[in-house]
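>
Numbering (our numbering), first residue to last: 50 to 387.
Structural data, given as structure tokens:
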């Protein structure tokens, strides 16, 4: 079978992105809807779109409990909601082969998040989980916290486009301070600010495993930037930080610059669309230049116009930082010292 399988409109649609090799097919009925399950002989990945209902998700989950072939499962945008999310969680407690799963855009909410958090305390094979766009909020964060502390296998977690606010920032901050496995965490497009931003930065300061953190499109502001100064001073593992569009003013940029002056591991820093002006960009670049042990290779200031003073400073970095690249509004393409 070399093309996606389409069932009649009265049935569920399951789109499989398996490689073009022999497939085993089985079907059964759940709530008067026929579900066609695609299983692959060798261990590859599978994508199922438009399962639509909770019952459809339950049917799929049942078929996956004993499946030993699929390692990567994409269930993005299936409207499985809480009950469907719980069914997938139950399946993952039993299935010890799936290592990556995408559950984004499924509206699992608190109910689904609670079930998935419980699963993470038992599952020892999953290393990538995408829960982006699932209407999860502060209540869900309380369930996720013990899972992040107790699970040492999960390496990549996407919680972007959700409803996390200040309280969630505090809860998740405390959790990542104790987490001993995650390498990347995406919290972009949430509402973490104020005390939540400070607490999260504090947690980042104590974490020794995270390599990549995306906090773009939150509300860190000056308070969050001040807290991140300390995180950058003491964290010696973080390599990639995105804090674009966080209402970070000039004063906040100056504090971040102080952290960069001593940081030795950060390679990529993205600060686009913050009201830090050219002076803020200058302060960041100046600190990078002044740090003899800096690891910074890429700075992004998209949609922030810089002046000639910044351009001159960048030119002067060519000798000490020959591989540094910078992107900003005045020069939308990369500026390179090479």
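Yeah, the Cβ is synthetic: ideal placement off N, Cα and C, and Gly gets one too.
In terms of residues, what are the limits of the alpha helix (DSSP H) holding residue 328?
If you number the chain shown from 1, residue 328 lands on position 279. Counting along the chain, the alpha helix (DSSP H) containing residue 328 begins and ends at 326-339.
> So residue 177 is in the beta strand (DSSP E); what residue range does that whole segment cover?
Reading the chain shown from its first residue, position 128 is the one you call residue 177. Looking at the DSSP string, the run of the beta strand (DSSP E) that includes residue 177 is 177-179.
> Give the secondary structure of residue 291 by DSSP, where H, G and I count as helix, E and B as strand, and everything else as coil.
As a first step, residue 291 is located in the chain shown; it is residue number 242 there, counting from the start. Strand at residue 291.
> Per DSSP, what kind of secondary structure is residue 297 in: helix, strand or coil?
The residue you call residue 297 lines up with position 248 of the chain shown. Reduced to three states, the DSSP call for residue 297 is coil.
> By the 10 Å Cβ neighbour count, where 16 or more other Cβ atoms means buried, how is residue 319 classified, buried or exposed?
Locating residue 319 in the chain shown gives position 270, counting from the first residue. When all chains shown are included, residue 319 counts as buried.
> Does the Cβ of residue 173 have 16 or more other Cβ atoms within 10 Å, making it buried, or fewer, making it exposed?
By one-based count along the chain shown, residue 173 stands at place 124. The residue in question, residue 173, is exposed, as its Cβ has fewer than 16 Cβ neighbours within 10 Å.
> Which one of 325, 306 and 346 has the shortest CA to CA distance from residue 316?
Translated into positions along the chain shown, residue 316 becomes position 267. Cα-wise, what sits closest to residue 316 is 346.
> With DSSP run on the structure shown, which of helix, strand or coil describes residue 359?
One-based indexing of the chain shown puts residue 359 at position 310. Note: residue 359 maps to helix in three-state DSSP.
> Can you look up residue 375 in the DSSP assignment and give me helix, strand or coil?
As a first step, residue 375 is located in the chain shown; it is residue number 326 there, counting from the start. If DSSP states are grouped into helix, strand and coil, residue 375 belongs with the strands.
> What is the DSSP secondary structure of residue 268, counted as helix, strand or coil?
Position 219 of the chain shown holds residue 268. DSSP places residue 268 in strand when its eight states are reduced to three.
> Which residues in the same chain as residue 254 place their Cβ atom closer than 7 Å to its Cβ, once the five residues preceding and following it in sequence are excluded?
Taking the chain shown and counting its residues from 1, the one referred to as residue 254 is at position 205. Same-chain partners within the cutoff: 279, 280, 283 and 284.
> Pop quiz: residue 220 and residue 246 are said to be a contact at Cβ under 8 Å. What is the actual Cβ separation, rounded to whole angstroms?
Working through the chain shown from its first residue, we reach residue 220 at position 171. Working through the chain shown from its first residue, we reach residue 246 at position 197. Not confirmed; about 13 Å, so no contact.
> Which one of 293, 105, 95 and 187 has the shortest CA to CA distance from residue 117?
Translated into the one-based positions of the chain shown, residue 117 becomes position 68. Nearest option by C-alpha distance: 95.
> Have a look at 257, 294, 272 and 358 and flag the residue whose alpha-carbon is nearest the alpha-carbon of residue 263.
Position 214 of the chain shown, counting from 1, holds the residue named residue 263. With distances taken between Cα atoms, residue 263 lies closest to 294.
> Relative to the C-alpha of residue 378, which residue among 124, 357 and 370 is closest?
Your numbering for residue 378 matches position 329 in the chain shown. Checking every option, the nearest Cα to that of residue 378 belongs to 357.
> With DSSP run on the structure shown, which of helix, strand or coil describes residue 261?
Translated into positions along the chain shown, residue 261 becomes position 212. Residue 261 falls in the strand class under three-state DSSP.
> So residue 130 packs on residue 105, CB below 8 Å; how close in whole Å?
Your numbering for residue 130 matches position 81 in the chain shown. Your numbering for residue 105 matches position 56 in the chain shown. Not confirmed; about 11 Å, so no contact.
> Candidates 365, 204, 314 and 352: which alpha carbon is nearest residue 334's?
Translated into the one-based positions of the chain shown, residue 334 becomes position 285. When only C-alpha atoms are compared, the closest one is 365.
> Within 10 Å of its beta-carbon, does residue 297 have 16 or more other beta-carbons around it, so buried, or fewer, so exposed?
Counted from its first residue, the chain shown places residue 297 at position 248. So residue 297 ends up on the buried side.
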